[in-house]
Amino acid sequence: MKLQQLHYVLAIVEHGNHLSAAAQALHTSQPGISRQLQLLEAELGFEIFSRSRNRIEGLTPPGELVVEIAKRIMSDVAAISALKADLAAADEGTLTIATTHTQANYVLPKVIGPFVADFPKVQVILKQGDPEGICALVDAGEADIAIGTDTLHSFPALISLPCFAMPRTVVAPAGHPVLDGEELTLARIARYPIITYDSRFSGHRKVRTAFERAGLEPKVVLSAIDAGVCKTYVKLGLGLAILAKITFDPEEDTGLRAIDADHLFESSTTYLKLRHNAYLRPYLLEFIRRFAPHLTPEVVRATLRERRQVSS
Numbered sequence: 009m010k011l012q013q014l015h016y017v018l019a020i021v022e023h024g025n026h027l028s029a030a031a032q033a034l035h036t037s038q039p040g041i042s043r044q045l046q047l048l049e050a051e052l053g054f055e056i057f058s059r060s061r062n063r064i065e066g067l068t069p070p071g072e073l074v075v076e077i078a079k080r081i082m083s084d085v086a087a088i089s090a091l092k093a094d095l096a097a098a099d100e101g102t103l104t105i106a107t108t109h110t111q112a113n114y115v116l117p118k119v120i121g122p123f124v125a126d127f128p129k130v131q132v133i134l135k136q137g138d139p140e141g142i143c144a145l146v147d148a149g150e151a152d153i154a155i156g157t158d159t160l161h162s163f164p165a166l167i168s169l170p171c172f173a174m175p176r177t178v179v180a181p182a183g184h185p186v187l188d189g190e191e192l193t194l195a196r197i198a199r200y201p202i203i204t205y206d207s208r209f210s211g212h213r214k215v216r217t218a219f220e221r222a223g224l225e226p227k228v229v230l231s232a233i234d235a236g237v238c239k240t241y242v243k244l245g246l247g248l249a250i251l252a253k254i255t256f257d258p259e260e261d262t263g264l265r266a267i268d269a270d271h272l273f274e275s276s277t278t279y280l281k282l283r284h285n286a287y288l289r290p291y292l293l294e295f296i297r298r299f300a301p302h303l304t305p306e307v308v309r310a311t312l313r314e315r316r317q318v319s320s
């Protein structure tokens, strides 16, 4: 068995089970990949891919296990390569962060600015997406860490480190009736059109759950993945926005007002997620500590050790 063969298997999966696309991406020949795949299956004694008329249709059940293990192996190989680079330059390299729009716009600037100043030889790359998508990037080895809220689907290869809670606020145009000083309730909010996060985000689900438990059906007129977009449409008078409290700045959001609503809606939790078998570069550990001070290098390493012991 060769690492190259496992690399080919993962490439086939990543390219929709198309040998030709995998070969093109790897700058090799389709017959070459096909031959190596046949050799690997012959050595294992079972088929990794199911076929119909010599066309790959998908993974067999044993093949799914092979892919899962192959991902771990390739991740470990990448970690060894990273270790070699780190020994040569501990404070030099790339830090790829997969994160949501809320974190990228309202939380990370306060961390990344000073970090870049202190680590000028580290290139920071931000990849934005929804909570599921950013975890998938880390799972695939395309990002070092993911920063976002909880997901509907699990990612067994990742560990989740809770960072902080994100309470909610109701954002309204200045002079809106909901701002008249009367106690803020779900029933009062439900009188007006609602603007909130896209259904892929935990904020949307938690808002929906709160209204459902109260027996109310709010009129959601618009949803978006970016709090800034939501606030734009509040200014246009489309409705009230229910957003994370950190997204509202009284100085920046002129013409808008915000009311605390953490007593009405469950807070979301921001998590930092990384592969359980990842090699943690020194500057990555320092970034994590700056983002969530309670996640010291000792705490992160201990969490990884515990996870590896459970997995072994």
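The numbering of the sequence shown is this note's numbering, which starts it at 9 and goes up by one.
We treat Cβ as the ideally placed atom computed from N, Cα and C, and that holds for glycine.
Assuming Thr-108 and Ile-142 are in contact, meaning their beta carbons sit under 8 angstroms apart, how far apart are those beta carbons, in whole angstroms? 7 angstroms
Using the Cβ count rule (16 or more neighbours within 10 Å means buried), how would you classify Met-9? exposed
Can you say whether Val-179 is buried or exposed, counting buried as having 16 or more other CB atoms within 10 angstroms of its CB? buried
Using the C-alpha atoms, what's the distance from Ile-197 back to Ala-154? The C-alpha of Ala-154 lies about 33 angstroms from the C-alpha of Ile-197.
Tell me the DSSP secondary structure of Ser-210 in three-state form. helix
Could you say if the stretch 63-73 and the stretch 259-275 meet the contact criterion of at least three C-beta pairs nearer than 8 angstroms? At 8 angstroms Cβ cutoff, the stretches do not touch.
Going by other Cβ atoms of all chains shown within 10 Å of its Cβ, with 16 needed for buried, is Thr-204 buried or exposed? buried
Out of Leu-246, Gln-13, Val-307 and Ser-210, which has the shortest C-alpha to C-alpha gap to Arg-52? For clarity, residue 52 is Leu in the given sequence; the question names Arg instead. Out of Leu-246, Gln-13, Val-307 and Ser-210, Gln-13 has the C-alpha closest to the C-alpha of Leu-52.
Inspect the beta-carbon positions of Val-130 and Asp-99 and report whether they are closer than 8 angstroms. yes
Thr-311 and Ile-167 - do their beta-carbons sit closer together than 8 angstroms? Cβ atoms of Ile-167 and Thr-311: closer than 8 angstroms.
Where Leu-47 and Leu-73 are concerned, what is the direct C-alpha to C-alpha distance, given to the nearest angstrom? Rounded to whole angstroms, Leu-47 to Leu-73 spans 18 angstroms at the Cα level.
How is Ile-64 classed by DSSP in three states: helix, strand or coil? strand
So which of Pro-139, Pro-117 and Glu-140 has the shortest CA-CA distance to Ile-133? Pro-117
With distance defined between alpha-carbon atoms, name the residue in Val-228, Arg-213, Glu-49 and Leu-103 nearest to Pro-139. Arg-213
What number of angstroms, rounded off, separates the C-alpha of Glu-150 from the C-alpha of Gln-38? Cα to Cα, Glu-150 sits roughly 25 angstroms from Gln-38.
For Thr-304 and Ala-218, what's the separation of their Cα atoms in angstroms? Straight through space, the alpha carbons of Ala-218 and Thr-304 are spaced by roughly 35 angstroms.
Among residues of its own chain, excluding the 5 on either side of Ile-64, which ones have a beta-carbon nearer than 6 angstroms to its beta-carbon? Asn-25 and Phe-57
Residues that Leu-230 bridges to, as DSSP identifies them: Ile-203
Is Lys-239 near the ligand ZN - that is, is its Cβ less than 7 angstroms away from at least one heavy atom of it? Among the components modelled here there is no ligand, and therefore nothing to report on the ligand ZN.
Endpoints, the beta strand (DSSP E) within which Asp-268 is located: 264-268
Pair every Cβ in the stretch 223-232 with every Cβ in the stretch 284-293, then say whether three or more of these pairs are closer than 8 angstroms. no
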